[in-house]
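Heads up, the sequence shown is in the numbering used here, so the first residue is 291 and it goes up one at a time. Yeah, the Cβ is synthetic: ideal placement off N, Cα and C, and Gly gets one too.
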Amino acid sequence: MNENVDEMTFEESLRKLEELVGMLEEGSLDLDKSLEIYENAVKLRDRCRKILEISERRVQKIMETSGGIQKEDI
């Protein structure tokens, strides 16, 4: 995978993850290629999970702010 996973947006990561899952579901790849794709899929899954966790913390912070929406670094 040529893309730097750590720089991908959630949408980019999810799209690529869906593509890789589709390739694995086809079942036409050899074992080595399947393992490579699976490894990349795990990296993308972790990236999506990380972005969602950060977003959840931001939403929680906004909800806890009594004076309205304030942007803070997390």
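Query	Result
Can you tell which of 340, 310, 316 has the C-alpha that lies nearest to the C-alpha of residue 326?	310
Quick check on this structure: which residue in 338, 347, 350 has the alpha carbon closest to the alpha carbon of residue 296?	338
Just to confirm, is the Cβ distance from residue 314 to residue 324 under 8 Å?	yes
If contacts are defined as beta-carbon pairs under 8 Å, then residue 342 and residue 306 qualify, I think. What distance do you get, rounded to the angstrom?	About 16 Å separates the two Cβ atoms, so there is no contact after all.
Where do the ends of the alpha helix (DSSP H) carrying residue 312 lie?	300-316
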